[in-house]
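Here is the structure we will look at, set down as structure tokens.
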Amino acid sequence: MTERADEELVSLYIHLYFDEDVSADIVGNLRTRGFDVVSARDMEMLQKDDDEQMLYAASQQRAVVTHNRADFEDQHRKFLDTGMKHYGIIIAKRRRKDTEVVAKLLALLDSVTAEEMENQLRYI
Numbered sequence: 002m003t004e005r006a007d008e009e010l011v012s013l014y015i016h017l018y019f020d021e022d023v024s025a026d027i028v029g030n031l032r033t034r035g036f037d038v039v040s041a042r043d044m045e046m047l048q049k050d051d052d053e054q055m056l057y058a059a060s061q062q063r064a065v066v067t068h069n070r071a072d073f074e075d076q077h078r079k080f081l082d083t084g085m086k087h088y089g090i091i092i093a094k095r096r097r098k099d100t101e102v103v104a105k106l107l108a109l110l111d112s113v114t115a116e117e118m119e120n121q122l123r124y125i
């Protein structure tokens, strides 16, 4: 496979940005499986507001993974209403076990491309 083909293959996968409410164990689990994941902690974005989190994730072409349903539904609407592009928002139910969240994320990563995730709001 050529280097260009390798780059295109990699870009098919959703790159994830986990806000500070999501367990570090979930982030670590996906990272050890080889997925491109970073957290608010990794990027020194702890305690930044939701606007800053979304703008950062969008600037890095990453989908946000969060438990914060209400605020990130608002962020989704705000981006769409202003014509700004985001790379997806994935809202995980807060009461799920970490292993369930990982399983749901793996299923999503296996079935949705980065392009298909653009400007989408998904619930897992």
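Its first residue numbered 2, the sequence shown is counted upward by one per residue in the working numbering.
Cβ atoms here follow ideal geometry from the backbone N, Cα and C, with glycine treated the same way.
Predicted model, so just to flag it, every value in this text is computed and none were measured.
Close beta carbons around residue i, own chain, < 7 Å, minus the five adjacent residues each side
i: arginine 70; result: Ile92
i: valine 113; result: Ile15
i: aspartate 72; result: Asp51
i: serine 47; result: The residue you asked about is not serine; residue 47 is leucine in the sequence shown. Closer than 7 Å at the Cβ level, and outside the excluded window around leucine 47, lie Glu21 and Ala41.
Residue from the options with nearest C-alpha to residue i
i: leucine 31; options: Tyr124, Thr114, Gln121 and Leu109; result: Leu109
i: glutamate 101; options: Met118, Tyr57 and Asp26; result: Asp26
i: glutamine 54; options: Ile125, Thr114 and Gly89; result: Gly89
i: glutamine 121; options: Lys86, Val103 and Arg97; result: Lys86
i: glutamine 76; options: Leu56, Arg34, Ala115 and Asp99; result: Leu56
i: isoleucine 125; options: Phe19, Lys94, Thr83 and Asp111; result: Lys94
i: glutamate 119; options: Leu107, Met44, Arg34 and Gln62; result: Gln62
Residue burial classification, residue i (beta-carbon count within 10 angstroms, cutoff 16)
i: arginine 78; result: exposed
i: serine 130; result: No answer is possible for residue 130: it lies beyond the span of the chain, which begins at 2 and ends at 125.
i: leucine 17; result: buried
i: arginine 96; result: exposed
i: leucine 81; result: exposed
i: leucine 10; result: Bear in mind that a pLDDT of 49 at leucine 10, under 50, signals an unreliable position, so the model cannot answer this.
Cβ-based neighbour list, residue i, same chain, cut-off 6 Å, excluding 5 preceding and 5 following
i: valine 38; result: Leu17, Val28, Leu31 and Arg32
i: glutamate 24; result: In the sequence on display, residue 24 carries serine and not glutamate. Asp99, listed in sequence order.
i: phenylalanine 19; result: Val28, Ser40 and Val66
Residue i, DSSP secondary structure in three states
i: phenylalanine 36; result: coil
i: valine 65; result: strand
Residue j beta carbon less than 8 Å from that of residue i
i: lysine 13; j: alanine 115; result: A small fix is needed here, since residue 13 is leucine in this sequence, not lysine. Yes.
Short CB-CB distance (under 8 Å) between residue i and chain C
i: methionine 85; result: The displayed structure is made up of one protein chain only, and chain C is not part of it.
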